[in-house]
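Here is the structure we will look at.
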Amino acid sequence: MTAVVTRFAPSPTGYLHIGGARTALFNWLYARGRGGKFLLRIEDTDRARSTPEATDAILKGMEWLGLDFDGEVISQFDRADRHAEVANELLAKGAAYKCFATQEEIEAFREEARAAGKSTHFQSPWRDADAATHPDAPYVVRLKSAQDGETVINDEVQGTVRIKNENLDDMVLLRSDGTPVYMLAVVVDDYDMGVTHVIRGDDHLNNAARQMGIYTAMGWDLPTYAHIPLIHGPDGKKLSKRHGALGVEEYQAMGYPSAGMRNYLARLGWSHGDDEFFTDDQAKEWFGTDGIGKSPARFDFKKLENICGQHIAITDDAALLHEIVMYREAANLPALTDVQSQRLNAALYCLKDRAKTFPELLEKAHFALIEGEIEVEPKAAKNLDTVSRGILGALTPQLQNVSWTRDELEAVLNRFAEDNGMKFGKLAGPLRAALAGRAATPSVFDMMLVLGQEISLERLTQAANGGDS
RNA sequence: GCUCCGUUCGUCUAUCGGUUAGGACGCCAGGUUUUCAACCUGGAAAGACGAGUUCGAUUCUCGUACGGAGUACCA
671 MTAVVTRFAP SPTGYLHIGG ARTALFNWLY ARGRGGKFLL RIEDTDRARS
721 TPEATDAILK GMEWLGLDFD GEVISQFDRA DRHAEVANEL LAKGAAYKCF
771 ATQEEIEAFR EEARAAGKST HFQSPWRDAD AATHPDAPYV VRLKSAQDGE
821 TVINDEVQGT VRIKNENLDD MVLLRSDGTP VYMLAVVVDD YDMGVTHVIR
871 GDDHLNNAAR QMGIYTAMGW DLPTYAHIPL IHGPDGKKLS KRHGALGVEE
921 YQAMGYPSAG MRNYLARLGW SHGDDEFFTD DQAKEWFGTD GIGKSPARFD
971 FKKLENICGQ HIAITDDAAL LHEIVMYREA ANLPALTDVQ SQRLNAALYC
1021 LKDRAKTFPE LLEKAHFALI EGEIEVEPKA AKNLDTVSRG ILGALTPQLQ
1071 NVSWTRDELE AVLNRFAEDN GMKFGKLAGP LRAALAGRAA TPSVFDMMLV
1121 LGQEISLERL TQAANGGDS
């Protein structure tokens, strides 16, 4: 059995959108789970629409998603000579022909066909023309595709799909300027790159039948096809910019961890029994085309968040800190100072299972990130009224000479609450406001432990004095 | 127009002819709780529609409806 080779072949005409990212992920999982190779090819034969910025965005997106590929990035445009070579070989074999029809002639043909309710596929009069009759004019090279019988696609996802050959047109292989067209380029590239499994969007299912004509004419073995359904927006319509069709870098900027993104995307349109939450290793082991569904899936941010929250919770602190740093960069937030990252690192243990995204985690880490003056948000301000400040003023001295451990702090605070005839909850609000300036924070004990005695007492004192001392 | 593909709770999905149609997210109720989150318990919630095959269809076949894709000298 030959080794598996998959590829991701985006065209660089925009950012790497979520559907493309999932296609890349599927190919990556398939290859990586089988000890195979995963290649990247940029389909840049459309010079007018391809941009280096887009290629860059694709590369960045894949890097963020952790989808590493083997070998160099392959530019399809760079291989134009090879594509032309194959076209000429097809010509020599009589499997392709030169077509001198003008755009006007083709247009006229289509209009007539449409009016007659027939297939609009252009039927070139040059298909069987004698070379002696060829004019000295520009021409395109078209594939002489079969006209009878049917083409059968054995697709791993779609099953057996039969298309009558009469519905296949003689597609253009080489433009009149001699440059190759995508349909030719994919086939030649996939063949030359040794691609064994073509996993791509099902918008290419029809194309597969047409491309198979080239394989047959060249006598090449077909790859295994798996045409996966596209992702739709929340309204079930085609994904548009308004809902979810954002570039993957925007998901990074929104603060989703990439492991969660991979998990969610893998689960979108693919399943392995009831497993919802899994690691990369599990996904690689489990992934196969048999688990891919046939119907389009919709993107759901709620579920993404849930999965991401679970991944944040199991990520080790060092990796998490690193990813948060990268997130801040992607979101154009100021870099963390040394003190901030030290404190954040120390606080991660009590933060990571309370947040679904990095912004949420950072929001809860607010107490650890403040340096200097604390601004009290309105919701917390009511916990710092005169009465509360009095309580804090009475409490603070009692924390002067205790050993700064969780047990000790719990003991002191509980005793204080009891002595003053109040429930601990009554005490927690003011403490939270004093330590973080917020109403929603991690446990007050965790905050005091992370901040340390000196800073904790400083903040308590400041709050007790009304914040104006 | 023509060709191809799809359709199970709101969403992602399981089911490979016989199930009280399962799980997850979300939602609702209750519990726990120093806030948030988490957690625990319970609940509502689905086979597009119509025929056919079969002892028996969510599952197989056909049709209809609705979505999607392709039909380029775009990819």
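With our numbering, you'll find the first sequence wraps up at 1139, consecutive numbering, no jumps.
Glycine residues also receive a C-beta, built at the ideal position from the N, C-alpha and C atoms.
6 Å Cβ shell around residue i - same chain, five flanking residues per side excluded
i	result
A855	T715, Q746 and H753
L1105	F1037, M1117 and R1129
L699	A953, K954 and F957
F696	I869
Y885	L892
E975	K1026
T949	none
A923	A1000 and A1001
I1157	The structure shown does not extend to residue 1157, since the chain is modelled only from 671 through 1139, so no value can be given for it.
T1131	T1066
Spatial distance of residue i from residue j (CA atoms)
i	j	result
R711	V743	6 Å
T721	T1075	58 Å
H992	L1121	21 Å
A967	G871	12 Å
R880	D1023	51 Å
I984	L709	30 Å
R937	I994	24 Å
G829	T894	12 Å
D740	M863	12 Å
H687	A1087	55 Å
K1034	Y997	16 Å
I1040	A1103	13 Å
M1092	W940	54 Å
E1078	E1043	27 Å
Q773	R845	12 Å
G764	E999	57 Å
G736	A724	18 Å
D960	R704	15 Å
A801	T676	40 Å
D945	A989	25 Å
K834	A887	17 Å
A1081	F1115	11 Å
T821	D951	38 Å
A783	K768	22 Å
According to DSSP, residues forming a beta bridge with residue i
i	result
V822	R832
C769	V810
R702	DSSP output for R702 lists no bridge partner at all.
H874	Paired residues: none, contrary to the question.
I884	Note: I884 sits in no beta bridge, so no partner.
L1121	Its beta-bridge partners do not exist; DSSP assigns none.
W940	I962
G917	H687
Option in the options with minimal Cα separation from residue i
i	options	result
D859	E781, R797, D751 and S1058	D751
T693	P680, R704, Y685 and L760	P680
G848	A807, G819, G871 and Y885	A807
D970	Y885, Y921 and I982	Y921
A1109	A1050, E1088 and G917	A1050
H867	A896, R937, K768 and V1082	A896
A878	L892, A887, E777 and V865	L892
R719	T1066, T959, G684 and A887	G684
N1090	I823, L974, V1072 and V1057	V1057
V1009	I1125, G787 and I884	I1125
N824	M931, R832 and D818	R832
L1119	V1072, H902, G1136 and P850	V1072
S965	I898, T676, T949 and A801	I898
K1052	L1101, G883, E975 and A691	L1101
L875	V1082, G917 and V827	V827
G819	A799, G883, R702 and I901	G883
G706	V674, G689, E733 and R749	V674
Other residues of its chain near residue i: CB distance less than 7 Å, five sequence neighbours each side excluded
i	result
N1084	F1094
A766	A757, L760, V811, R812, L813, K814 and L843
F947	N933, I977 and Q980
A1134	R1059, L1062, G1063 and T1066
K663	Absent from the structure is residue 663, since the part of the chain shown begins at 671 and ends at 1139.
Cutoff 8 Å; reference residue i; Cβ partners in own chain excluding five residues on either side
i	result
D1138	Here D1138 scores only 47 on pLDDT, less than 50, and its place in the model is too uncertain to base an answer on.
F770	W796, H804, P805, A807, P808 and Y809
L1127	T1066, L1069 and Q1070
E1047	G1107, R1108 and A1109
T1111	K1034, H1036, F1037, R1102, L1105 and M1117
query = Just checking, does the stretch 1014-1022 make contact with the stretch 1085-1097 on the three C-beta pairs under 8 Å criterion?
reply = Not touching, per the Cβ criterion.
query = Is it a yes or a no for the stretch 840-857 touching the stretch 927-937, going by three-plus beta-carbon pairs under 8 Å?
reply = no
The stretch 1060-1074 in contact with the stretch 1030-1044 per 3-pair CB rule at 8 Å = no
message = Taking 8 Å as the cut-off, does the stretch 785-799 touch the stretch 832-840 (at least 3 CB pairs, one atom from each stretch)?
response = yes
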